[in-house]
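First to last, the sequence lines map onto chains A and B. Residue numbers are given in UniProt numbering: position 156 of the first sequence equals residue 156, and the series is strictly consecutive. Residue numbers are given in UniProt numbering: position 176 of the second sequence equals residue 176, and the series is strictly consecutive. Working notes for the structure below.
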Amino acid sequence: MSTLEIRDLQVSVKLPEGELKPILAGVDLTVKAGETHAIMGPNGSGKSTLAYSIAGHPKYQITGGTVTLDGEDVLAMTVDERARAGLFLAMQYPVEVPGVSVANFLRTAKTAIDGEAPKLRTWAGELRGAMEKLQMDPAFAQRNVNEGFSGGEKKRHEIMQLELLKPKMAILDETDSGLDIDALRIVSEGVNRVRASGEAGLLLITHYTRILRYIKPDFVHVFVAGKIVQEGGPELAEQLEAEGYERYVAGARA
Amino acid sequence: MTTEAMAPPSTKSQVLRSFDVTDFPAVTGLEEEWRFTPVKRLKELVTATTLTGAAPGFAPGDLPAGVSLTQVDAGKVEPVLTPFDRVSALAFGAAAGVTLIDVAADTVAAEPVVIRVVGQGAAAAAARTYVRVGNFAQVTVVLEQVGTATLADNVEVVIGDGAQLTFVTLTEWDAETVQAQHVKFRVGRDARVNHVQVSLGGSLVRQFTSVEYAGRGGEAELWGLYFADAGQHIEHRQLVDHSVPDCRSYVGYRGALQGRSAHTVWVGDVVIRAAATGTETYEINRNLLLSDGARADSVPNLEIETGEVVSAGHASATGRFDDEQLFYLMARGIPEAEARKLVVRGFFAELINKIPVEELRERLGDAIEARLAKAGS
Ligand SMILES: Nc1ncnc2c1ncn2[C@@H]1O[C@H](COP(=O)(O)OP(=O)(O)O)[C@@H](O)[C@H]1O
Ligand SMILES: [Mg+2]
């Protein structure tokens with residue numbers, strides 16, 4: 001059973017002129033396989049910074065703390081090593097890669113993660129099945145990665161990768177934002193399938209409580225001004241739905 | 001003297017034209033047309049009045065029925081390219097003869113015609129190639145330019161009415177080769193040419209492609225793919241002259257640069273004359289800088305003398321490797337070197353797919369990957 005441990009994580013964003021702007025002010029969080037955690041916080045509180053710095057985006061600099069996956073030092077790994085170690089990030093804004101087809105991209109990624117090429121005989125079916133589950137037209141396989149995809153299509157493509165690549169720990173950064181109700185339901189069902197397998201830990205980052213009606217978190221963490229300010233069970237999400245973040249934001253300012 | 005000087009030159013299309021090299025002043029490098037070119041490296045090609053080196057040899061494979069390749073005297077073909085600079089005049093005058101690739105009218109060739117053009121060494125040489133595609137013929141012609149050469153050459157292409165030509169020219173020259181080439185298309189009524197110009201090898205390669213239309217409904221698509229390594233100068237210029245109504249042109253060139261002092265130049269001129277109503281044209285150049293110290297010059301130019309065009313536009317973009325693309329791929333477990341390969345192959349994919357010869361598409365994809373691997377980037 002896998003465990004992701006984040007201890008006193010401090011992160012700055014690198015500004016174009018080279019200065020550092022501190023964003024994360026000491027984050028502590030432990031996620032175990034089979035658990036679903038929700039991180040909820042207002043815009044600009046540093047949620048994406050947390051997600052990206054765990055994945056190893058070069059824009060962020062770690063200034064303190066540790067991140068380990070089953071005891072291995074994640075922060076010492078390159079971006080691709082982290083993914084191969086079992087980390088997955090569903091991005092808030094998935095990137096377009098012109099000229100690279102979805103089919104080629106997924107086969108290359110699957111080969112990299114598994115350490116061997118998927119079996120020709122079963123791969124086509126596996127891919128088709130994954131696309132069907134997320135109600136993506138088979139024609140998507142021949143399109144370029146994220147190019148010309150609608151917001152909803154990009155997010156469904158992210159969750160399709162989550163199901164195909166089978167990570168140990170998945171961070172979903174605002175997978176719900178910009179989705180209509182149908183797409184939200186399709187995406188949530190995908191996440192719930194992964195959850196039901198019990199093999200992955202999930203860290204669901206969201207601004208709204210809406211997605212939590214479809215995916216029931218085991219733990220809720222309120223994230224304000226670069227750190228976790230409150231923790232609880234699913235009831236905390238309901239309280240946030242009713243009251244909003246005002247109380248916490250005011251507290252952070254004081 | 002055969003000069004037809006139209007003074008003063010007001011547009012790109014109205015410059016000195018002459019078949020006599022001595023009508024053109026010496027090239028200094030300060031001229032608008034030469035300002036990006038390291039003219040010293042062109043040596044005799046810009047100073048001599050004749051060239052005596054051996055011209056490249058032509059090695060045709062099996063030619064399909066209706067297609068022939070012969071060496072003929074200059075008098076046997078009507079010039080399509082009236083030289084408009086010193087190098088094209090030198091190539092015209094100094095070439096010993098003309099290599100004629102003739103495609104008979106109504107020929108529909110199922111297989112591409114692949115011809116190797118082999119440089120005969122560093123002694124400066126001139127050459128003329130003439131491609132004549134008869135009315136309603138459909139053919140793909142590939143010229144693979146390999147070996148070592150110092151070469152001024154003109155390639156003249158006449159596409160007959162209703163004919164369709166896919167013309168692939170590859171420069172896979174050895175590292176020391178210097179070439180200044182002019183390619184000229186005359187597109188017949190309702191004819192179509194699809195040119196794919198791939199420039200990989202050579203020390204200095206400068207290719208000037210021009211298009212004229214002989215009748216309504218002509219179409220020209222000019223695609224270019226180039227990859228410049230350290231020290232290479234690869235220059236492409238186009239002049240598409242719309243003087244006939246209802247014709248179409250599309251120019252799409254893409255290049256990648258890596259290594260110190262890799263230099264590419266793209267200058268795309270499109271002229272739409274007053275008579276050329278109903279014209280549809282677009283030109284775009286994109287460059288991908290894979291490392292520091294490389295330089296890509298990119299100048300689109302559109303001169304429109306009539307308001308009655310269907311559409312006309314241009315675009316140019318030069319950028320560094322996109323780190324967000326790299327991050328996205330690596331975040332899916334793909335190692336950096338492989339992720340870079342995917343992105344660069346993707347950058348060229350649209351162009352490579354224009355080549356209707358699968359073996360060639362694969363070879364080019366591999367050649368590009370080999371270039372990337374060589375730099376260890
Ligand atoms: N390139 C940048 N330059 C300056 N500030 C940045 C940059 N990137 C992020 N930030 C700042 O970092 C903070 C956290 O951003 P982010 O992690 O995206 O928040 P969230 O995902 O919670 O909306 C914000 O205040 C944002 O303005
Ligand atoms: Mg965010």
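Each residue gets a CB set at the ideal place from its N, CA and C atoms; glycine is no exception.
For residue i, decide whether its Cβ has a neighbour in chain A, counting only Cβ atoms nearer than 8 Å.
| i | result |
| --- | --- |
| glutamine 325 (chain B) | yes |
| proline 56 (chain B) | no |
| threonine 2 (chain B) | For threonine 2 (chain B), the predicted model reports a pLDDT of 34, less than 50, meaning its position is unreliable; a value from the coordinates is still stated below. No, because no Cβ of chain A sits closer than 8 Å to the Cβ of threonine 2 (chain B). |
| tyrosine 328 (chain B) | yes |
| arginine 345 (chain B) | yes |
| proline 356 (chain B) | no |
| isoleucine 334 (chain B) | yes |
| alanine 317 (chain B) | no |
| leucine 342 (chain B) | yes |
| alanine 373 (chain B) | no |
| alanine 349 (chain B) | yes |
| glutamate 369 (chain B) | no |
| glutamate 44 (chain B) | no |
| serine 377 (chain B) | Since pLDDT at serine 377 (chain B) reaches only 46, below the 50 mark, its modelled position is unreliable, and the value read off the structure follows with that caveat. No, serine 377 (chain B) does not count as interfacial toward chain A. |
Looking at residue i: is its Cβ nearer than 8 Å to the Cβ of residue j?
| i | j | result |
| --- | --- | --- |
| glycine 233 (chain A) | phenylalanine 223 (chain A) | no |
| valine 267 (chain B) | valine 299 (chain B) | yes |
| glycine 231 (chain B) | valine 187 (chain B) | no |
| isoleucine 115 (chain B) | alanine 163 (chain B) | no |
| valine 145 (chain A) | valine 102 (chain A) | yes |
| glycine 278 (chain B) | aspartate 246 (chain B) | yes |
| leucine 45 (chain B) | leucine 90 (chain B) | yes |
| isoleucine 171 (chain A) | alanine 38 (chain A) | no |
| threonine 129 (chain B) | threonine 99 (chain B) | yes |
| lysine 227 (chain A) | alanine 25 (chain A) | yes |
| serine 177 (chain A) | glutamine 92 (chain A) | yes |
| histidine 67 (chain A) | leucine 20 (chain A) | Per the sequence shown, residue 67 (chain A) should be read as valine rather than histidine. No, these two residues do not count as a Cβ contact at 8 Å. |
| alanine 90 (chain A) | aspartate 180 (chain A) | no |
| glutamate 163 (chain A) | valine 194 (chain A) | yes |
Residue i lies in the alpha helix (DSSP H); which residues open and close that run?
| i | result |
| --- | --- |
| proline 60 (chain B) | No alpha helix (DSSP H) contains proline 60 (chain B), which is instead part of the beta strand (DSSP E) from 57-60. |
| arginine 260 (chain B) | Careful: arginine 260 (chain B) lies outside any alpha helix (DSSP H) and carries neither H nor E. |
| asparagine 104 (chain A) | 102-114 |
| lysine 155 (chain A) | 151-165 |
| asparagine 192 (chain A) | 181-197 |
| glutamate 235 (chain A) | 234-243 |
| isoleucine 352 (chain B) | 336-352 |
| methionine 169 (chain A) | Per DSSP, methionine 169 (chain A) belongs to no alpha helix (DSSP H); it is in the beta strand (DSSP E), 169-173. |
| glutamine 10 (chain A) | Run containing glutamine 10 (chain A): none in the alpha helix (DSSP H); it sits in the beta strand (DSSP E), 3-14. |
| alanine 94 (chain B) | 86-94 |
| leucine 75 (chain A) | Neither: leucine 75 (chain A) is in no alpha helix (DSSP H) and is coded neither H nor E. |
Between residue i and chain B, is any beta-carbon pair separated by less than 8 Å?
| i | result |
| --- | --- |
| glutamate 17 (chain A) | no |
| phenylalanine 140 (chain A) | no |
| aspartate 173 (chain A) | no |
| glutamine 239 (chain A) | no |
| glycine 99 (chain A) | yes |
| isoleucine 54 (chain A) | no |
| proline 94 (chain A) | yes |
| proline 58 (chain A) | yes |
| residue 257 (chain A) | Nothing in the structure corresponds to residue 257 (chain A), since chain A is present only between 1 and 254. |
| threonine 209 (chain A) | no |
| serine 12 (chain A) | no |
| leucine 204 (chain A) | no |
| arginine 143 (chain A) | no |
| isoleucine 159 (chain A) | no |
| arginine 156 (chain A) | no |
| leucine 165 (chain A) | yes |
| isoleucine 181 (chain A) | no |
| tryptophan 123 (chain A) | no |
| leucine 4 (chain A) | no |
So residue i is in the beta strand (DSSP E); what residue range does that whole segment cover?
| i | result |
| --- | --- |
| lysine 21 (chain A) | 20-32 |
| histidine 57 (chain A) | Counting along the chain, histidine 57 (chain A) falls outside any beta strand (DSSP E), and DSSP gives it neither H nor E. |
| aspartate 40 (chain A) | Per the sequence shown, residue 40 (chain A) should be read as methionine rather than aspartate. Where methionine 40 (chain A) is concerned, the enclosing beta strand (DSSP E) stretches over 36-40. |
| alanine 124 (chain A) | Here alanine 124 (chain A) belongs to no beta strand (DSSP E); instead the alpha helix (DSSP H) covers 120-133. |
| leucine 89 (chain A) | 87-90 |
| residue 392 (chain B) | Because chain B is modelled from 1 through 377, residue 392 (chain B) falls outside the range shown and cannot be assessed. |
| phenylalanine 219 (chain A) | 219-224 |
Mind listing the chain E neighbours of residue i? Cutoff is C-beta to C-beta under 7 Å, in chain order.
| i | result |
| --- | --- |
| alanine 109 (chain A) | Among the chains of the structure shown, chain E does not appear; the protein chains present are A and B. |
Near ligand 1, which residues have their beta-carbon closer than 6 Å to a heavy atom? Qualifying residues, in the order they occur: A:Val13, A:Leu15, A:Lys21, A:Ile23, A:Gly41, A:Asn43, A:Gly44, A:Ser45, A:Gly46, A:Lys47, A:Ser48, A:Thr49.
Could you pull out every unbroken beta strand (DSSP E) segment of at least 3 residues lying fully inside the stretch 153-238 of chain B, listed in chain order? 164-173, 178-187, 192-199, 204-213, 219-228
Along the chain, which unbroken stretches of the alpha helix (DSSP H) at least 4 residues long are found entirely within the stretch 22-79 of chain B? Secondary structure within the stretch 22-79 of chain B: the alpha helix (DSSP H) runs of 4 or more consecutive residues, fully enclosed, are 44-47 (chain order).
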